[in-house]
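Residues in the sequence shown are numbered consecutively from 11, following the working numbering. Cβ atoms here follow ideal geometry from the backbone N, Cα and C, with glycine treated the same way. Before any comments, here is the structure.
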Amino acid sequence: MSKDQTKSIFNSLNEAGHEQLIFCNDKELGLKAIIGIHNTALGPAMGGTRMWNYSSDEDALNDVINLSMAMSYKSSLAGLNAGGGKAVIIGDPKIKNEKFIRRYAEFLNDLKGKYWTAQDVNMTSEDIVNIKKTSEYVVGLPKEHGGLGDSSVPTAYGVYLGMKSALMNVTGNDSLTDKKILIQGVGKVGSKLIDYLLKEGSKVFAFDINKNNLERFNRSNITILNEEDLYRNRYDIYSPCALGGAVNKSSINHIKCDIIAGAANNQITDEDIVLPKLKEKNILFIPDFLINAGGIISVYHEQINDLDSKKVMDMTSDIFDKVTDVLKFSSEKNISTFQAAIQLAKDRINKISEK
């Protein structure tokens, strides 16, 4: 590694305010992972592990830096005594097996509880159970293995409430009945979000690159779109629920909606371009790390050994009012909702840090 590369990594850490980056390598197993610990002022860092076949190590590094930082903000805004962390395993998910996963768990043990992980993209419940065989520092376990089960349920519920709160603040009415809502990404969270919306009588439009994810839905209830039709119509709400970066310098020119509120992490890229464009187009953006916190609320309760699913849903219900708080702060300070949410999250972290 050159001096310039080393300098670049530390510059990235300093800009984002990270405490640690941990590089994990097992040449024999083909295991390459990066664990990012952003902030532990509020408590141990928490965040999922994802496996992705990144086009470069630099892309993986940037992903873990951005995702772990967002987890700090998410935990802070949710009122949890938890910090922010994230891990990425680099490679084709097809190469993982129990030995591979348990070797990764050994790296978790080296951190002695400073970072707790959970399930994320391309990681299965079986993987999480296998991590548990080697490490105690994992949450989000199936109920039959002593966990709270599927955290996508509270995640979807929080996003649903975030939509309702945003609508209330814009129109004075939180009803989603007959509202045209585009769901981009119909995986575990997106599909459950659609269930909530259909129960309320929303007009749902859906797209997913994996057509199998759409099979469970009655096509008379939702409109399934092709990729080329994604931004053709105007929607009341656009909800990115797949991977991050859906709201970028290119897509922002085509998105037509009143509100953006989705479950995907790190939806905005190219902030310097996108944030002014959102204001220009009068689109209200509800930060992802504000409304998709139901999952971290669930796994946090596992971490503190409070396995009460009602408490999880009750705490997730607070997202409705938290959206109102962020919108009010945004208006008072004349800053974007994105900046307002980050500032409120940082304020809580800094307040604890000063004690």
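- The region 94-111 and the region 58-65 touch, with three or more beta-carbon pairs separated by less than 8 Å.
- Residue environment for PHE33: exposed (fewer than 16 other C-beta atoms within 10 angstroms of its C-beta).
- Residue pairing for MET61: DSSP places it in a beta bridge opposite ILE99.
- The Cβ-Cβ distance between ASN302 and LEU77 does not fall below 9 Å.
- The alpha-carbon separation between LEU192 and SER201 amounts to approximately 12 Å.
- Within the same chain, SER162 come within 6 Å of LYS198 by CB-CB distance, once the 5 residues on both sides are set aside.
- In terms of Cα proximity to GLY89, the closest of ILE141, LEU224, GLY272 and PHE299 is PHE299.
- Annotation for ASN35: the continuous beta strand (DSSP E) segment containing it runs 30-36.
- For ALA351 against PRO286, the beta-carbon gap comes to about 17 Å, at or over 8 Å, which does not count as contact.
- The three-state reading of DSSP puts SER185 in coil, since its state is none of H, G, I, E or B.
- Taken atom to atom, the span from the alpha-carbon of GLU364 to that of ILE345 is near 25 Å.
- Separation of GLU136 and LYS291 (C-alpha to C-alpha, rounded to the nearest whole angstrom) is 44 Å.
- Between the region 130-146 and the region 110-121 there are three or more inter-stretch CB-CB distances shorter than 8 Å, so the stretches are counted as touching.
- Out of ASN179, HIS28 and THR187, the CA that lies nearest to the CA of ASN49 is found in HIS28.
- Around the beta carbon of GLU312, 16 or more other beta carbons sit within 10 angstroms, so the residue counts as buried.
- Around the CB of SER230, fewer than 16 other CB atoms lie within 10 Å, so the residue is classed as exposed.
- Within the same chain, Cβ atoms closer than 8 Å to the Cβ of LYS213 are found at ASP188, LYS189, LYS190, ILE191 and THR233, the five residues on either side in sequence being excluded.
- Note that the C-beta distance between TYR125 and LEU41 is not below 9 Å.
- Sequence-distant Cβ neighbours of ALA128 in its own chain, meaning closer than 6 Å and more than five residues away, are GLY58, VAL149, GLY150 and VAL309.
- Taking 9 Å as the cut-off, the beta carbon of ASN91 is found no closer than this to the beta carbon of LEU31.
- 9 Å or more divides the Cβ of ASP205 from the Cβ of ALA256.
- In terms of CA proximity to LEU177, ILE269 leads the group ILE269, GLU237, LYS259 and PHE227.
- Annotation for ALA115: the continuous alpha helix (DSSP H) segment containing it runs 108-120.
- Runs of beta strand (DSSP E) with 3 or more residues, each lying fully within the region 39-88, are found at 41-49 and 59-62, listed in chain order.
- Sequence-distant Cβ neighbours of ASP239 in its own chain, meaning closer than 6 Å and more than five residues away, do not exist here.
- Sequence-distant Cβ neighbours of ILE359 in its own chain, meaning closer than 8 Å and more than five residues away, are ASN49, ALA51, LEU52, SER82 and SER86.
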